[in-house]
């Protein structure tokens with residue numbers, strides 16, 4: 020069962036999520052936010068089918084020095100962060116600060132490229148945070164902090180797949196969690212997709228350009 024493919028690709032995963040949350044369709048105070056980069060493909064299809072505005076949040080994982088794949092946590096462009104204390108305990112304060120500073124700079128640079136560094140406008144809104152899946156939930160937790168700082172009234176997490184062990188933990192941290200599959204055995208998000216190609220920044224820009232905008236830019 021743990022090798023079973025659940026989704027053809029991220030677009031199909033977005034459609035499946037949209038089908039699971041029809042009550043949000045055309046709701047006037049809801050914004051969909053996809054985590055860059057892969058989550059934006061899922062979020063774009065969900066936003067299109069539910070006729071909701073779409074934005075992107077450039078959260079970056081913070082790698083352990085010398086072991087980039089082992090995440091200390093994650094950080095959003097304005098500095099909101101989540102830290103896995105168990106992993107961070109292996110490092111000294113200077114190493115942690117340096118790793119977060121580098122990742123924050125990357126998040127800000129990506130935010131500038133993808134959305135012009137415009138502040139998110141989420142005051143009083145329900146925000147649906149979407150990714151293509153989550154293994155540790157670090158990026159989701161940093162995203163939760165970011166949207167709350169931007170004024171979100173309610174937070175909804177929508178994920179195609181999430182390890183069963185993480186479901187209860189994340190449920191406690193948001194107003195609503197929607198996940199389509201919560202397998203016991205979980206190695207990587209990619210194992211649940213037939214096609215899991217890397218999503219380019221160009222693709223993200225294209226998706227944002229064709230979506231209902233979340234921010235009105237006035238000159």
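Numbering (the working numbering), first residue to last: 20 to 238.
Even glycine gets a Cβ: it sits at the ideal position worked out from N, Cα and C.
Check                                                                                                              : Outcome
Buried or exposed (CB count within 10 angstroms, at least 16 for buried), residue 61                               : buried
Where residue 1 falls, given that 16 or more other Cβ within 10 Å makes a residue buried                           : With the chain represented from 20 up to 238, any question about residue 1 goes unanswered, as that position is not in the structure.
Whole-number beta carbon distance between residue 226 and residue 165, since they are thought to touch under 8 Å   : Incorrect: roughly 20 Å between the Cβ atoms, too far for contact.
Best match in 178, 142, 152 for proximity to residue 172 [C-alpha to C-alpha]                                      : 142
Residue 179 in three-state terms, based on DSSP                                                                    : strand
Cβ neighbours of residue 177 in the same chain (closer than 6 Å, five flanking residues each side left out)        : 36, 147, 149, 197
C-alpha distance - residue 30 paired with residue 195, whole-angstrom precision                                    : 22 Å
Per-residue DSSP class, three states only, for residue 120                                                         : helix
Rounded distance between the beta-carbons of residue 90 and residue 82, thought under 8 Å                          : 6 Å
Same chain, Cβ closer than 8 Å to residue 200, five either side skipped, listed in chain order                     : 25, 179, 180, 181, 211
DSSP state of residue 141 mapped onto helix, strand, coil                                                          : coil
Rounded separation between residue 74 and residue 207 - CA only                                                    : 25 Å
Enclosing beta strand (DSSP E) for residue 82 [first to last residue]                                              : 79 to 83
For residue 73: DSSP bridge partner residues                                                                       : 51, 232
Exposed unless 16 or more other CB atoms sit within 10 angstroms - verdict on residue 64                           : buried
Sequence-distant residues of the same chain with beta carbon closer than 7 Å to residue 59, five excluded per side : 53, 75, 218, 223, 226
Delimiting residues of the alpha helix (DSSP H) encompassing residue 33                                            : 29 to 39
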